[in-house]
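S.K.: I'd like to ask you about the structure that follows.
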Amino acid sequence: ELLRRGKKVPGDVIIGGFDNLISARACSPALTTVGQPVFELGKGALTLLIDIIEGRTAPGTAVLLPSRLVLRRSCGCISVPFKSSEIDDAHNLDTTLYEKHFVNIINTDQSSILDFLEKQILHLLKNGYMLDKILSILVYILNKQAQEFPPDLHKRIWQMLLTISEEHFEIRQLKRQEAEEQLYNFIDDLRKISDPDSLREFLHAELINVGIKEFVISRYKDKNNSVLFYNNSSDEYGIVFRSNLLLPNGISSLQKPFNLICLPLFETDSDIGFFLTDPTDHIPVFLETIRSSLDGALHMMDMIANEREHGILLEEMVQERTSELQNALKELSLANVKLEQISIRDELTGLLNRRGFLSTASRHIALSKRNRNSFICIFFDLDKLKQINDVYGHAQGDIAIKTMADILNKSFRITDVIGRIGGDEFTVLAFDCTVQDYQQIKDRIDQLVNEYNEINMNAWMLDYSAGMASSGEEHNFDIDTLLKLADDALYKVKEEKRDKSKKR
Numbered sequence: 015e016l017l018r019r020g021k022k023v024p025g026d027v028i029i030g031g032f033d034n035l036i037s038a039r040a041c042s043p044a045l046t047t048v049g050q051p052v053f054e055l056g057k058g059a060l061t062l063l064i065d066i067i068e069g070r071t072a073p074g075t076a077v078l079l080p081s082r083l084v085l086r087r088s089c090g091c092i093s094v095p096f097k098s099s100e101i102d103d104a105h106n107l108d109t110t111l112y113e114k115h116f117v118n119i120i121n122t123d124q125s126s127i128l129d130f131l132e133k134q135i136l137h138l139l140k141n142g143y144m145l146d147k148i149l150s151i152l153v154y155i156l157n158k159q160a161q162e163f164p165p166d167l168h169k170r171i172w173q174m175l176l177t178i179s180e181e182h183f184e185i186r187q188l189k190r191q192e193a194e195e196q197l198y199n200f201i202d203d204l205r206k207i208s209d210p211d212s213l214r215e216f217l218h219a220e221l222i223n224v225g226i227k228e229f230v231i232s233r234y235k236d237k238n239n240s241v242l243f244y245n246n247s248s249d250e251y252g253i254v255f256r257s258n259l260l261l262p263n264g265i266s267s268l269q270k271p272f273n274l275i276c277l278p279l280f281e282t283d284s285d286i287g288f289f290l291t292d293p294t295d296h297i298p299v300f301l302e303t304i305r306s307s308l309d310g311a312l313h314m315m316d317m318i319a320n321e322r323e324h325g326i327l328l329e330e331m332v333q334e335r336t337s338e339l340q341n342a343l344k345e346l347s348l349a350n351v352k353l354e355q356i357s358i359r360d361e362l363t364g365l366l367n368r369r370g371f372l373s374t375a376s377r378h379i380a381l382s383k384r385n386r387n388s389f390i391c392i393f394f395d396l397d398k399l400k401q402i403n404d405v406y407g408h409a410q411g412d413i414a415i416k417t418m419a420d421i422l423n424k425s426f427r428i429t430d431v432i433g434r435i436g437g438d439e440f441t442v443l444a445f446d447c448t449v450q451d452y453q454q455i456k457d458r459i460d461q462l463v464n465e466y467n468e469i470n471m472n473a474w475m476l477d478y479s480a481g482m483a484s485s486g487e488e489h490n491f492d493i494d495t496l497l498k499l500a501d502d503a504l505y506k507v508k509e510e511k512r513d514k515s516k517k518r
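Numbers 15 to 518, taken from the numbering used here, label the letters of the sequence shown in order.
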């Protein structure tokens with residue numbers, strides 16, 4: 015709204031937030047907030063209540079807890095400072111020539127300096143330069159030429175460079191933390207619920223936020239029958255049905271096609287029931303963590319119901335179970351990183367596998383659609399891999415595969431999505447790239463392939479074919495469409511190669 019009204023943050027308006035949520039870091043500019051001590055607040059409130067009950071503290075006593083100030087750019091503050099570094103004379107970027115061009119802009123048209131810097135940064139990134147190296151060169155030049163332009167312009171340039179650096183840093187951190195924080199917050203809230211109606215309300219409100227569309231919980235009534243506990247597609251519950259049907263009206267009642275996962279619910283040696291859910295984009299341990307937390311929540315509900323019926327509250331048992339759930343959550347959190355690598359990474363190359371590539375690419379395409387940015391999808395095929403395996407052995411074939419993966423990593427940026435989706439098939443989604451950029455990328459790959467063949471002198475030659483599809487101006491492609499178009503283009507390239515080979 016402020017941007018629409020022509021107000022700049024923090025130049026014209028200084029803004030501060032209250033809760034240090036993920037959205038505070040993801041917005042632009044990043045929002046200065048306060049980190050609330052949530053756990054300390056709960057502990058302090060319980061301690062104060064006990065002191066009041068036992069007469070050690072008078073009612074109405076207030077306790078103040080310190081909160082943590084998180085400084086970001088929305089208040090004009092800086093949270094990611096630059097590190098000074100010397101310019102590497104051996105670097106491919108001609109710093110002296112670049113500095114002369116920079117000084118010429120200062121002397122002739124200072125109003126265009128910000129546009130010049132923005133275009134140059136984008137140009138250098140597209141040509142394979144690392145962002146930290148680009149920024150260190152620009153900071154070096156900016157400090158050297160500080161006396162050549164007004165302080166206000168100097169400050170604006172600094173703010174632009176700081177903005178780029180901070181957002182680049184925070185986006186990388188955000189991607190890594192987002193999945194873990196999302197899982198932790200959901201599970202942390204889930205394990206606190208001890209009432210059936212509250213659990214239904216929580217699931218109905220929060221499941222969609224973690225990417226779950228279908229979710230049905232059923233509890234065993236006896237050996238052959240179950241009772242519907244929750245269904246996010248309706249408000250019905252309490253319906254009794256045959257357990258082998260999985261749903262009150264059976265699986266056949268679902269609209270086809272459908273894809274559901276069934277996981278058991280149990281506590282120690284007793285079976286509680288089961289739940290059905292659709293697959294999510296999260297790592298497999300996510301559903302297992304939900305299952306474990308539901309086990310505990312349902313078991314806790316049974317205990318509370320039994321103790322209410324007998325008029326006894328087993329506080330010690332509840333606390334013990336809560337502690338067990340906290341420990342289990344910590345253990346599962348430590349397993350997340352290992353399981354993520356197993357589920358979305360190719361073991362041989364370290365690249366994303368098919369599942370990881372499709373999931374990551376879909377999210378990046380959705381973001382590019384919203385920002386109306388162009389992107390291209392490239393399908394690579396490692397030529398004659400079967401022949402290398404058959405003649406020289408699979409160990410040599412693995413070398414060829416890993417070499418191709420290394421070349422792709424060197425040829426594309428860290429923001430691009432690279433995957434190995436088959437034995438000899440690689441795919442890349444390159445953002446802020448057009449059809450014109452594709453030829454430069456391919457030339458760079460060709461050069462690296464030729465250098466490898468000349469240096470290693472293997473009995474076989476590393477070679478590849480590639481096909482490309484562009485997002486176009488309509489920005490209306492999904493990942494499956496892009497891959498098909500790129501695969502079609504690859505097929506034409508391989509046909510042309512075969513025709514040339516026959517003519518020889």
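C-beta atoms are modelled at their ideal positions from N, C-alpha and C, and glycine is treated no differently.
1) How about the segment 198-208 and the segment 259-278: do they share at least three Cβ pairs that are nearer than 8 Å?
2) From Ala414 to Arg427, what does the alpha carbon distance come to, in whole angstroms?
3) Using CA coordinates, which residue listed in Ile459, Leu365, Thr429 is at the minimum distance from Asp532?
4) Roughly how many angstroms lie between the CA atoms of Leu520 and Leu217, to the nearest whole one?
5) Which value, in whole angstroms, describes the spacing of the CA atoms of Phe53 and Val431?
6) Let me know the secondary structure DSSP gives Tyr198 once reduced to three states.
7) Would DSSP call Glu132 helix, strand or coil?
8) For Gln461, which option in Leu339, Leu476, Gly433, Ser347 has the closest C-alpha, if you only look at C-alpha atoms?
9) If you draw a straight line from the alpha carbon of Arg82 to that of Gly31, how long is it in whole angstroms?
10) Alpha carbon to alpha carbon, how far is Arg369 from Tyr251? Give it in angstroms, no decimals.
11) Is the segment 414-424 in contact with the segment 388-396, if contact means three or more CB pairs nearer than 8 Å?
12) What residue range is occupied by the uninterrupted alpha helix (DSSP H) comprising Thr71?
13) Quick one: is Gly433 buried, meaning 16 or more other Cβ sit within 10 Å of its Cβ, or exposed?
14) Starting from Asp65, follow its DSSP beta bridges and name the residues at the other end.
15) Would you give the residue range spanned by the beta strand (DSSP E) that Ser479 belongs to?
16) Let's test the definition: count the other Cβ atoms within 10 Å of the Cβ of Thr363 and tell me whether it reaches 16, buried, or not, exposed.
17) Please go through the same chain and pick out, in chain order, the residues whose beta-carbon is closer than 8 Å to the beta-carbon of Ala311, but skip the five residues on each side of it.
18) For Arg434, list the residues DSSP reports as bridge partners.
19) Hey, out of Leu62, Ser479, Ile358, whose CA is closest to Tyr505's CA?
20) DSSP three-state label for Thr495, please.
21) Taking buried to mean at least 16 other C-beta atoms within 10 Å of its own C-beta, is Phe272 buried or exposed?
22) By the three-class DSSP mapping on this structure, what secondary structure does Glu100 have?
M.R.: Per the coordinate set shown:
1) no
2) 22 Å
3) Given a span of 15 to 518 for the chain in the structure shown, any question on residue 532 remains unanswerable.
4) Any property of residue 520 remains undetermined from this structure, which presents the chain solely from 15 to 518.
5) 38 Å
6) helix
7) helix
8) Leu476
9) 12 Å
10) 35 Å
11) yes
12) Segment: none, Thr71 is in no alpha helix (DSSP H) and carries neither H nor E.
13) buried
14) For Asp65, which the question treats as bridged, DSSP gives no partner whatsoever.
15) 478-484
16) buried
17) Leu204, Arg205, Ile207, Ser208, Leu213
18) Phe440
19) Ser479
20) helix
21) exposed
22) Here Glu100 scores only 36 on pLDDT, less than 50, and its place in the model is too uncertain to base an answer on.
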